[in-house]
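A.B. asks:
Protein chains in written order, with our numbering: chain A, 4 to 516; chain B, 184 to 553.
1. Beta carbon of residue 478/B, beta carbon of residue 216/B: below 8 angstroms?
2. Report yes or no: is there a C-beta of chain A within less than 8 angstroms of the C-beta of residue 364/B?
3. Using a Cβ-Cβ cutoff of less than 6 angstroms, which residues in the same chain neighbour residue 498/A once the five nearest sequence positions on both sides are dropped?
4. Helix or strand or just coil, what does DSSP make of residue 358/A?
5. What whole-angstrom Cβ distance do residue 199/A and residue 192/A have, given they're in contact under 8 angstroms?
6. Just checking: is the beta-carbon of residue 331/A within a distance shorter than 8 angstroms of some beta-carbon in chain B?
7. Starting from residue 487/A, trace the beta strand (DSSP E) both ways and give me its first and last residue.
8. Excluding the 5 residues preceding and the 5 following residue 528/B in the sequence, name in chain order all residues of the same chain whose CB lies nearer than 7 angstroms to its CB.
9. Could you check what DSSP says for residue 545/B in three-state terms: helix, strand or coil?
10. Residues of chain A with CB under 9 angstroms from residue 521/B, in chain order?
11. Would you kindly work out how many angstroms separate the C-alpha atoms of residue 443/A and residue 470/A, rounded to a whole number?
12. Taking only beta-carbon atoms, is residue 439/B less than 8 angstroms away from chain A?
13. Taking C-beta to C-beta, are residue 102/A and residue 162/A nearer than 8 angstroms?
14. Using C-beta distances below 6 angstroms, list every residue in its chain close to residue 297/B, excluding the 5 sequence neighbours before and after it, in chain order.
15. To the nearest angstrom, how far is it from the Cα of residue 152/A to the Cα of residue 44/A?
16. Determine the direct distance from the alpha carbon of residue 209/B to that of residue 310/B, and round the result to whole angstroms.
17. How close, in whole Å, do the beta carbons of residue 360/A and residue 401/A come, if the pair is a contact with beta carbons under 8 angstroms?
18. Smallest Cα separation from residue 196/A: which of 187/A, 208/A and 186/A?
19. Please state whether DSSP places residue 38/A in a helix, a strand or coil.
20. So which of 520/B, 524/B and 406/B has the shortest CA-CA distance to residue 281/B?
21. Going by C-alpha to C-alpha distance, which of 165/A, 227/A and 385/A sits closest to residue 371/A?
22. I need the boundaries of the beta strand (DSSP E) containing residue 274/A, first residue and last residue.
23. What residues of chain B sit near residue 351/A, judged by a beta carbon separation below 8 angstroms?
24. Using a cut-off of 9 angstroms between C-beta atoms, extract the partners of residue 34/A located in chain B.
25. Between residue 23/A and chain B, is the shortest Cβ-Cβ distance under 8 angstroms, so that the two count as touching?
26. If you draw a straight line from the C-alpha of residue 340/B to the C-alpha of residue 291/B, how long is it?
27. What are the uninterrupted segments assigned as beta strand (DSSP E) that are 3 or more residues long and contained completely in the region 458-524 of chain B, given in chain order?
28. Buried or exposed for residue 324/A, going by 16 or more other Cβ atoms inside 10 Å?
29. For the beta strand (DSSP E) containing residue 426/B, name the first residue and the last one.
30. Just to confirm, are residue 468/A and residue 430/A a CB contact at a threshold of 8 angstroms?
31. Using a Cβ-Cβ cutoff of less than 6 angstroms, which residues in the same chain neighbour residue 474/A once the five nearest sequence positions on both sides are dropped?
32. Is it a yes or a no for the region 314-331 of chain A touching the region 259-278 of chain A, going by three-plus beta-carbon pairs under 8 angstroms?
33. If you reduce the DSSP assignment to three classes, tell me which class residue 537/B lands in.
34. Output the distance between the C-alpha atoms of residue 287/A and residue 271/A, rounded to the nearest integer angstrom.
35. DSSP state of residue 495/A, grouped into three classes?
36. Buried or exposed: which applies to residue 305/A, given that a residue is buried once 16 or more other Cβ atoms fall within 10 Å of its Cβ?
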């Protein structure tokens with residue numbers, strides 16, 4: 004067979020070659036190829052928007068590549084949908100688990116392939132196969148009868164993996180599997196990966212966390228802007244080299260930092276507690292300052308910003324924003340000169356079925372016409388200015404948000420804070436899921452805002468920024484505090500911390516203050 | 184550039200031009216169909232007349248002079264022209280107003296992401312309140328009419344407050360209100376229709392007398408058109424309107440941006456109720472009785488008008504012009520089927536098919552755009 008070109012490379016179980024995919028004008032994948040041998044783990048790393056997810060969607064048959072070929076064990080493989088991919092032995096474990104929370108573990112594992120005669124399920128057989136699948140996980144929480152919705156996230160993930168194994172998958176793709184796991188669950192998962200390797204599975208491991216990659220993978224392939232920019236045995240490459248490949252530029256260029264001048268304290272909170280999280284948070288934010296909040300997902304950072312902004316209740320503690328004290332509703336917060344950029348762009352941050360102008364001006368529909376009327380032409384004029392300044396790629400202010408890319412959507416969300424001209428910016432994961440160009444723009448913008456400009460009579464603003472990406476915090480902020488299990492630690496000057504120290508504090512391993 | 188041209192362009196942008204074309208298409212279809220049907224009818228009757236005459240032994244030359252014979256072509260054209268004529272257009276407009284007025288409010292409610300199932304009951308309540316006040320309350324026609332509208336607004340206010348304070352979805356709350364309001368209407372009317380002298384309120388939707396031909400359309404229809412323009416402007420040029428869209432598109436975003444979500448929702452339901460109450464006034468004008476059982480299921484026709492007009496039940500989408508065209512499409516179908524002598528069930532099947540088709544086409548368009 005002419006297409007079996009890889010028979011000269013024994014052991015290569017999965018190969019993708021020359022994969023290209025474009026969405027409209029954007030090239031998502033450009034001539035990308037990967038190889039995974041049986042019993043090996045390939046780490047796929049890259050920034051958000053580098054093309055990892057798109058590549059994996061091609062692999063799983065969720066989307067079709069414009070060009071390129073794939074082989075499974077040397078046999079051409081062209082899935083037209085995820086079900087076909089599963090049948091061919093390729094299983095994806097996504098960040099968002101696709102389990103039925105109301106069903107039991109065994110029902111979930113065998114979902115869609117229950118052994119049955121005339122529609123009557125053979126429950127004994129279901130149980131036998133489910134037990135077989137979960138036995139190797141060695142996790143006491145996993146019993147065939149347990150309701151999946153009551154399991155911890157780590158255990159749920161195992162159920163998903165068990166499902167993949169039960170149908171005999173040989174290729175497992177783990178997409179950011181550790182992002183919502185506890186340290187203990189992460190260790191368990193890595194053990195499991197080791198066992199799966201020894202069973203001869205080919206594993207693709209996608210992650211942002213380079214340390215994890217170094218720990219679990221055999222080889223690493225780095226993607227940037229839809230291209231493979233490097234690949235190596237994990238043992239032969241350093242963390243810094245991987246990061247340099249991912250970012251593709253020197254760190255200093257990405258994070259501009261002007262001489263900033265700290266002013267008066269504009270936001271002060273003391274021992275703030277929400278319903279569950281945060282448990283206790285105190286901080287002071289000055290004009291002309293960028294204060295970063297680091298921490299793991301689920302530590303309560305988002306809840307802190309939300310309770311500050313009146314989107315979640317405040318149980319106790321003091322808040323002072325400018326001259327205003329106490330908790331307040333979002334309506335008041337906007338009036339008091341604060342604005343929140345939501346971490347959840349799609350579900351909270353933006354109204355995707357509305358146009359750019361409406362999204363930008365929604366928080367303050369005043370001054371767009373006489374008698375309190377909102378004249379669309381004036382909305383458009385105000386919006387056009389931000390489209391130009393932030394470089395939002397669109398055909399005009401009346402474009403629907405749903406037609407924009409993630410980076411451009413985020414620019415629109417930021418434009419709302421700028422249009423409202425808030426003094427205190429609460430930014431929750433401002434660069435999540437956007438391309439490098441948009442990130443660079445946002446870093447530059449944050450710097451400009453915090454610096455202000457005397458010539459243009461723009462006073463410096465205060466920025467409170469939550470991020471899970473430590474290099475970004477270190478690059479942008481003047482100060483940083485770490486949140487761990489609902490408790491916000493002390494504020495550090497940025498030159499007194501490094502990634503390692505922040506990570507220790509975030510994982511609660513550094514108890515001393 | 185500000186100016187009337189911009190306003191007009193704005194209104195047109197919102198509406199689906201294709202929908203208007205569909206309306207014209209459906210209308211022309213009926214014009215032709217009615218003419219053809221009439222022609223065939225006349226032809227058939229001619230045949231049978233001729234056959235009869237032949238049987239009776241009338242000589243062939245005399246047969247053609249029989250007064251019962253008519254030209255199929257001429258009679259067909261006449262029938263077509265009747266459907267196109269002012270009298271019929273006016274009837275369609277009057278009939279459509281009954282659905283069209285509550286549909287204005289429903290458009291607001293649906294754009295905000297809600298739904299109001301109590302519209303039919305509110306229309307009935309409106310007729311009952313007006314009739315009762317005219318008969319027993321000693322009110323003049325104007326204050327009785329306003330009371331009917333107010334009653335509707337109050338129902339909307341209660342729905343809105345229940346939805347926002349109990350955090351129960353609009354579907355359930357207004358389903359409950361549908362029964363409650365229907366019950367209240369029946370209670371006020373003591374389970375009977377209230378017959379009363381309309382004191383001029385019937386004039387609202389009566390056909391235009393020849394002397395006042397300059398009015399072109401009955402006052403009620405004009406009221407509908409003017410209110411439609413006002414509502415469209417409200418949606419497009421006011422904060423309330425933009426907030427309504429924002430809430431329907433993404434309630435969380437609206438809340439994040441400091442939109443007073445609860446207040447806007449209550450207002451929207453109140454407006455919806457007021458328009459339904461006004462629908463009750465129109466209904467009363469048409470029938471001149473207070474009837475607590477009238478307009479059962481009207482809410483579904485109203486929702487259908489909004490949905491045909493491009494409104495999305497998920498919220499955030501919809502337009503007044505679309506809704507009006509949607510209501511007109513249903514009005515034209517009803518009138519056309521009526522005049523073709525098609526039974527009611529055929530009309531229902533056609534309307535149902537149009538609803539599904541309109542929405543399916545709309546989704547298809549959306550998917551292509553996305």
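The C-beta atom is built at its ideal place from N, Cα and C for all residues, glycine as well.
C.D. replies: With the given structure in hand:
1. Your numbering for residue 478/B matches position 295 in the second chain. Your numbering for residue 216/B matches position 33 in the second chain. It is not a contact, given that the beta carbons lie outside the stated cut-off.
2. Here residue 364/B is taken as the residue at index 181 of the second chain, counted from 1. So no, residue 364/B is outside the interface.
3. For the purposes of this step, residue 498/A is taken as the residue at position 495 of the first chain. Excluding positions up to five away in sequence, the list is empty.
4. Counted from its first residue, the first chain places residue 358/A at position 355. Residue 358/A: strand per DSSP, three-state reduction.
5. Against the first chain, residue 199/A aligns to sequence position 196. Against the first chain, residue 192/A aligns to sequence position 189. Rounded, the Cβ-Cβ distance is 10 angstroms, inconsistent with contact.
6. By 1-based counting over the first chain, the position of residue 331/A is 328. Taking Cβ atoms only, chain B never reaches closer than 8 angstroms to residue 331/A, which makes this a no.
7. Sequence index remark: in the first chain, residue 487/A carries index 484 (1-based). That run of the beta strand (DSSP E) goes 482-487.
8. The sequence position of residue 528/B within the second chain is 345, counting from 1. Excluding residues within five positions, none has a Cβ falling inside 7 angstroms.
9. Counting from 1 along the second chain, the entry for residue 545/B is found at position 362. It is helical.
10. Counting from 1 along the second chain, the entry for residue 521/B is found at position 338. Within chain A, no residue comes near residue 521/B; the closest Cβ sits about 38 angstroms away, beyond 9 angstroms.
11. Counted from its first residue, the first chain places residue 443/A at position 440. Counted from its first residue, the first chain places residue 470/A at position 467. Distance between the alpha carbons of residue 443/A and residue 470/A is about 15 angstroms.
12. Your numbering for residue 439/B matches position 256 in the second chain. Yes, its Cβ sits closer than 8 angstroms to a Cβ of chain A.
13. In the first chain, the residue the question calls residue 102/A occupies position 99. In the first chain, the residue the question calls residue 162/A occupies position 159. Contact flag set, yes.
14. Within the second chain, the letter at position 114 stands for residue 297/B. Only 353 meet the Cβ criterion.
15. Locating residue 152/A in the first chain gives position 149, counting from the first residue. Locating residue 44/A in the first chain gives position 41, counting from the first residue. Roughly 30 angstroms separates the two Cα atoms.
16. As a working mapping, residue 310/B is identified with position 127 in the second chain. As a working mapping, residue 209/B is identified with position 26 in the second chain. Their backbone Cα atoms lie some 32 angstroms apart in a straight line.
17. Along the first chain, read from residue 1 onward, the residue named residue 360/A stands at position 357. Along the first chain, read from residue 1 onward, the residue named residue 401/A stands at position 398. Residue 360/A to residue 401/A, Cβ: 6 angstroms. Contact.
18. Along the first chain, one-based indexing puts residue 196/A at 193. It is 208/A whose Cα lies nearest to the Cα of residue 196/A.
19. Working through the first chain from its first residue, we reach residue 38/A at position 35. Residue state, collapsed to three classes: strand.
20. One-based indexing of the second chain puts residue 281/B at position 98. That would be 406/B, whose Cα lies nearest to the Cα of residue 281/B.
21. As a working mapping, residue 371/A is identified with position 368 in the first chain. Checked all of 165/A, 227/A and 385/A; the closest Cα to residue 371/A is 385/A.
22. Within the first chain, residue 274/A is the residue found at index 271, counting from 1. Per DSSP, residue 274/A belongs to the beta strand (DSSP E) from 268-277.
23. For the purposes of this step, residue 351/A is taken as the residue at position 348 of the first chain. Result: 433, 435, 436 and 439.
24. In the first chain, the residue the question calls residue 34/A occupies position 31. Chain B residues near residue 34/A: none, gap ~28 angstroms exceeds 9 angstroms.
25. Position 20 of the first chain, counted from the first residue, corresponds to residue 23/A. By this cut-off, residue 23/A is not an interface position.
26. Against the second chain, residue 340/B aligns to sequence position 157. Against the second chain, residue 291/B aligns to sequence position 108. Approximately 14 angstroms between the Cα atoms of the pair.
27. none
28. Taking the first residue of the first chain as 1, we reach residue 324/A at position 321. Under this definition residue 324/A is a buried residue.
29. Here the question's residue 426/B lines up with position 243 in the second chain. Element bounds for residue 426/B: not the beta strand (DSSP E) but the alpha helix (DSSP H), 422-432.
30. Position 465 of the first chain, counting from 1, holds the residue named residue 468/A. Position 427 of the first chain, counting from 1, holds the residue named residue 430/A. It is a contact, given that the beta carbons lie within the stated cut-off.
31. The residue labelled residue 474/A in the question sits at position 471 within the first chain. Excluding residues within five positions, none has a Cβ falling inside 6 angstroms.
32. yes
33. Sequence index remark: in the second chain, residue 537/B carries index 354 (1-based). Residue 537/B: helix per DSSP, three-state reduction.
34. Your numbering for residue 287/A matches position 284 in the first chain. Your numbering for residue 271/A matches position 268 in the first chain. Their backbone Cα atoms lie some 5 angstroms apart in a straight line.
35. In the first chain, residue 495/A corresponds to position 492, counting from 1. Residue 495/A: strand per DSSP, three-state reduction.
36. Residue numbering aside, residue 305/A sits at position 302 when the first chain is read from its first letter. Buried, because 16 or more other Cβ atoms sit within 10 Å of the Cβ of residue 305/A.
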